[in-house]
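Take a look at the structure set out below.
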Amino acid sequence: MSQSLSSVPGFEHLSHIPLYVPGKPIQEVQRELGLASIVKLASNENPWGPTEAVKARVASVIAGSEFEGLGLYPVSDGFYLRQRIAERKGLSVDRVVLGNGSSEILEMVAKAAFLDGGSAVIPKHSFAIYGIATQTAGGRVIESRGTATELDADDILRSVADDTRLVYLGHPNNPTGIRLERAALERLVKGLREDIVLVVDQAYAEYEDPAEYPDAAAYLDQRPNLLVLHTFSKIHALAALRIGFGLGSKELMGFLERVRSPFNTNHLAQAAAEVAVQDVAFEAFSRQKNVEARAAFVAEAAKHRCQTSGTCGNFILLESAIPAADLFKQLLQRGVIVRPMQGYGLPNHIRVSFGKPGEMAAFWTAAGPLLDGGC
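Using my numbering, the first residue of the sequence shown is number 292, and each one after it goes up by one.
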């Protein structure tokens, strides 16, 4: 007699959790459609890196030495990278934790928080992994109000329940490209109960003007229940290596270390990130290129009378009368990969990552004739 695994205690609830759907890889589109030239603007990657210094560091690890090489385990807790991050952020090394991408740290904190249930408050139109990590760990999701153009800190506070243990905030938020202003962020940080961990995901913070950006890390010394996340996948251009980090109190980091898998970040990732975290010049270069790409995109969209939204991050939302799923398919047939947003409750929006000028020109060559009749 056949028996479904959904009958195994603990497995049944997993069948109701949505799968995360990543952007389609270039190789997959080439294989499916037989296209020689593909432009990928789907996953918010940095087209300008990694740097030659990072490549050289990775090559040296592959070549091997007394302490390096692919046959040796990496430093389990990534101490030397954590040390570099701590120096950059002005913190002690015991206030830094590493993850296999910042998404792993989202899973770590959810695993720690929901061992015996509880809830998380997540603003509408937030990064899908927040909800997936919560539900996989056994928590329930409370969705606070949000639109494609607004994050509501006060509604997040109103949405907190007696059993709430985590609050997630994308700052800037993916996929909407918006963030809280300083006063709203402070209300949220200071307004939460002390038994709730506020997880502020700053994966795209480095694309913001440092002089204007309200960095949640400014509150770390005041709030032991604050976790601030960063990634090397975006402005540092190390998406393939999967490396991210979290900042918080020594006590909170201690709890996360108890659920962190040994050797969760590999040697190549640690070595590359050690170089990348010190390269402020490349960050500034990428940030400026992003400013230029956004301005050019908004100007071109206006020519087609298309509405755009989002002023943060290395991507933008474009609204069209054409359903997002249909527009995505039509662009795919023309060799351009974007992200349709119907799964985020935005059925007429696509998210477009900023590429190099030639890649953006290819987008408009493909999208222009479609949008002229659909925006």
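Every residue, glycine too, gets a C-beta built ideally from N, C-alpha and C.
Here VAL519 is actually not in contact with VAL488; their C-beta atoms are around 11 Å apart, not less than 8 Å. Residue pairing from DSSP places GLU434 in a beta bridge opposite ILE413. In the structure shown, LEU479 falls within a helical segment according to DSSP collapsed to helix, strand and coil.
Counting of Cβ neighbours within 10 angstroms places LEU324 among the exposed residues, the total staying below 16. When the Cα atoms are used, ALA563 and ARG630 turn out to be separated by approximately 28 Å. For GLN598, the uninterrupted beta strand (DSSP E) segment begins and ends at 598-600.
A direct Cα-Cα distance of roughly 50 Å separates ARG449 from ALA347. For PHE606, the enclosing beta strand (DSSP E) starts and ends at 606-610. Burial of ILE526 is indicated by the presence of at least 16 other C-beta atoms within 10 angstroms of its C-beta. The straight-line gap separating the alpha-carbon atoms of THR342 and VAL568 is approximately 12 Å. Taken in chain order, the complete alpha helix (DSSP H) segments of 4 residues or longer contained in the region 297-335 are 317-324.
DSSP, reduced to helix, strand and coil, places ARG642 within a strand of the structure shown. The three-state reading of DSSP puts THR342 in coil, since its state is none of H, G, I, E or B. If you draw a 10 Å sphere on the C-beta of PHE302, you find fewer than 16 other C-beta atoms in it, and that means exposed.
If you ignore the 5 residues before and after GLU472, its C-beta comes within less than 8 Å of the C-beta of PRO505, all in its own chain and listed in chain order. Judged by DSSP in its simplified three-state form, ARG484 adopts coil rather than helix or strand. With contacts defined as CB atoms closer than 8 Å, GLY601 and GLY468 qualify as a contacting pair.
Between the C-alpha atoms of VAL320 and VAL400 there is a straight-line separation of about 35 Å. For HIS558, the enclosing alpha helix (DSSP H) starts and ends at 558-567. Scanning its chain for C-beta atoms nearer than 7 Å, with the 5 sequence neighbours on each side dropped, one finds around ASP663 the residues HIS595, in chain order. Per DSSP, the continuous alpha helix (DSSP H) segment holding LEU543 begins and ends at 541-550. The continuous stretches of alpha helix (DSSP H) do not include LEU518, which lies in the beta strand (DSSP E) extending over residues 517-522. If you look at PHE536, you'll find it isn't in any alpha helix (DSSP H); it sits in the beta strand (DSSP E) that goes 535-538. LYS620 and LEU310 have their C-alpha atoms roughly 20 Å apart.
The beta carbon of CYS597 lies closer than 8 Å to those of LEU609, GLU610, SER611, LEU662 and CYS666 in the same chain, with the five residues before and after it left out. Between the alpha carbons of ALA592 and GLY659 lies a distance of about 9 Å. Looking at SER644, HIS558 and PRO501, the one whose alpha-carbon comes closest to that of ALA354 is HIS558.
Shown here for GLY381: not one same chain residue has a beta carbon closer than 8 Å to its own, the five before and five after excluded. If you look at VAL451, you'll find it isn't in any beta strand (DSSP E); DSSP assigns it neither H nor E. LEU618 is not bridged by DSSP to any residue. For the pair GLY362 and GLN561, the CB atoms are not nearer than the 8 Å cut-off. Secondary structure note for VAL388: its beta strand (DSSP E) is the uninterrupted segment 387-390.
Secondary structure of TYR495 (DSSP, three-state): coil.
Here THR656 is exposed, its C-beta having fewer than 16 other C-beta atoms within 10 Å.
With three or more CB-CB distances shorter than 8 Å, the region 479-487 counts as touching the region 510-517.
Between THR522 and GLY537, the C-beta gap is not smaller than 8 Å, which leaves the two residues out of contact.
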